[in-house]
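Everything below concerns the one structure shown next.
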């Protein structure tokens, strides 16, 4: 098994450090980032905990040939995955290769587990709950009683702590097999739990659909940001509906959301380039910011620093890394 423990001051470096996940994180709430990522990787599984102090939206693709689970340890606000609203009593599920859009509240603490799909499905087939549980794997958000989830969270945290000790103590082989077996048992038993609400309906909310379309439009036309009127005309909905949808899903206005997505795009451009290869003005122009003084003020308001203060080419904001 491999262990990495990292602390960050930038959500983009954090996102890029989650192994095997093709994804971007975009910061939505203003202020400096404080985040941490602890990852344990075996041959056929990945087990990690991430904590972020800012509200953000994750967009990307789950690792191929995997089954992915996540459990909030703390979710002090509204969350939304694949258009489904979620809270502290929820677990999240993604299939390998699934594209996802995940709105995370400020201050979220999340445990995530991914399994090799073949291994997981074979283990599920050998359990007494195979037939019934398969259908729930297609639901991105499932709700269970808080008491039941609290028990699972406690056991998973114990497994994480024990595994960190095993890796640091150079205990390999058998420890990896035991951890994989324990994680499989926990997650398969959880989705087969008799207290699980079988009658829940997890249809996407109209508001989430509107936000998702806006997100896609913003990424698809970087230099020409969509306006609220564009959204209304494209989706044939009222301005009030657009405003209410964004308030419910993102806790901000559509104008600010679009601006934040574009500012995060510029920040990724800067972090991935050297000053001699890409100027701040050119990076801003790629995302439709042509008034540099206004751009710099917006950038500083969101990230807590001017674009000229952003360290370039990956040299930023990784505070500490421990590997074993």
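In the UniProt record's numbering, the protein residues as written are 1 to 324.
Cβ coordinates follow ideal geometry from the N, Cα and C atoms, glycine included.
Assigned exposure category for residue i - 16 Cβ within 10 Å defines buried
{"i": "residue 79", "result": "buried"}
{"i": "residue 14", "result": "buried"}
{"i": "residue 317", "result": "For residue 317, the predicted model reports a pLDDT of 49, less than 50, meaning its position is unreliable and no value from the coordinates is stated."}
{"i": "residue 221", "result": "exposed"}
{"i": "residue 18", "result": "buried"}
{"i": "residue 277", "result": "exposed"}
{"i": "residue 297", "result": "exposed"}
{"i": "residue 127", "result": "exposed"}
{"i": "residue 154", "result": "exposed"}
{"i": "residue 320", "result": "Legend: pLDDT at residue 320 = 47, less than 50; position of this residue unreliable, value from coordinates given subsequently. Classification of residue 320: exposed, given that the 10 Å Cβ count is below 16."}
{"i": "residue 291", "result": "exposed"}
{"i": "residue 143", "result": "buried"}
{"i": "residue 72", "result": "buried"}
{"i": "residue 265", "result": "buried"}
{"i": "residue 85", "result": "buried"}
{"i": "residue 245", "result": "buried"}
Expected contact under 8 angstroms - CB spacing of residue i and residue j to nearest Å
{"i": "residue 120", "j": "residue 91", "result": "Their Cβ separation, rounded to whole angstroms, is 15 angstroms, which puts residue 120 and residue 91 out of contact at 8 angstroms."}
{"i": "residue 223", "j": "residue 288", "result": "5 angstroms"}
{"i": "residue 268", "j": "residue 12", "result": "5 angstroms"}
{"i": "residue 26", "j": "residue 56", "result": "6 angstroms"}
{"i": "residue 252", "j": "residue 28", "result": "6 angstroms"}
{"i": "residue 188", "j": "residue 137", "result": "The Cβ separation is near 10 angstroms, so there is no contact."}
{"i": "residue 74", "j": "residue 31", "result": "Their Cβ separation, rounded to whole angstroms, is 18 angstroms, which puts residue 74 and residue 31 out of contact at 8 angstroms."}
{"i": "residue 129", "j": "residue 192", "result": "3 angstroms"}
{"i": "residue 210", "j": "residue 235", "result": "6 angstroms"}
Contact check, residue i vs residue j, beta carbons under 8 angstroms
{"i": "residue 42", "j": "residue 65", "result": "no"}
{"i": "residue 44", "j": "residue 98", "result": "no"}
{"i": "residue 123", "j": "residue 46", "result": "no"}
{"i": "residue 152", "j": "residue 186", "result": "yes"}
{"i": "residue 156", "j": "residue 184", "result": "no"}
{"i": "residue 226", "j": "residue 243", "result": "no"}
{"i": "residue 9", "j": "residue 49", "result": "no"}
{"i": "residue 23", "j": "residue 54", "result": "no"}
{"i": "residue 248", "j": "residue 207", "result": "yes"}
{"i": "residue 241", "j": "residue 103", "result": "no"}
{"i": "residue 38", "j": "residue 67", "result": "no"}
{"i": "residue 260", "j": "residue 306", "result": "no"}
{"i": "residue 182", "j": "residue 159", "result": "yes"}
Other residues of its chain near residue i: CB distance less than 7 angstroms, five sequence neighbours each side excluded
{"i": "residue 325", "result": "Missing from the structure shown is residue 325; the chain here goes from 1 to 324 and no further."}
{"i": "residue 239", "result": "228, 232"}
{"i": "residue 295", "result": "284, 289"}
{"i": "residue 308", "result": "280"}
{"i": "residue 105", "result": "55, 75, 76, 77, 78, 79"}
{"i": "residue 205", "result": "83, 85"}
{"i": "residue 304", "result": "31, 32"}
{"i": "residue 300", "result": "306"}
{"i": "residue 60", "result": "21, 22, 23, 24, 100"}
Contact set for residue i: own chain, Cβ-Cβ below 8 angstroms, skip 5 residues either direction
{"i": "residue 312", "result": "270, 271, 273, 274, 275"}
{"i": "residue 262", "result": "218, 222, 225, 287, 288, 289"}
{"i": "residue 230", "result": "217"}
{"i": "residue 176", "result": "1, 42, 43"}
{"i": "residue 132", "result": "192"}
{"i": "residue 134", "result": "124"}
Close beta carbons around residue i, own chain, < 6 angstroms, minus the five adjacent residues each side
{"i": "residue 163", "result": "40, 179"}
{"i": "residue 36", "result": "7, 51"}
{"i": "residue 16", "result": "none"}
{"i": "residue 109", "result": "51, 73, 74"}
{"i": "residue 258", "result": "218, 225"}
{"i": "residue 125", "result": "none"}
{"i": "residue 81", "result": "92, 102, 140, 141"}
Contact with chain C by residue i, beta-carbon distance below 8 angstroms
{"i": "residue 129", "result": "The chain inventory of the structure shown lacks chain C, comprising one protein chain alone."}
- [ ] Output the residue ranges of the alpha helix (DSSP H) runs that lie fully inside the region 152-185 and measure 4 residues or longer, sorted by chain position.
- [x] The qualifying runs do not exist here; there are none.
Open item on the list: Report the start-end ranges of each beta strand (DSSP E) in the region 87-120 that is 3 residues or longer and not cut off at the edges.
Closed with: 90-95, 99-104, 108-116
TODO: Would you list, in sequence order, the uninterrupted alpha helix (DSSP H) runs of no fewer than 4 residues that lie entirely inside the UniProt domain "HTH araC/xylS-type" (227-313)?
DONE: 228-235, 239-250, 254-271, 280-286, 292-303
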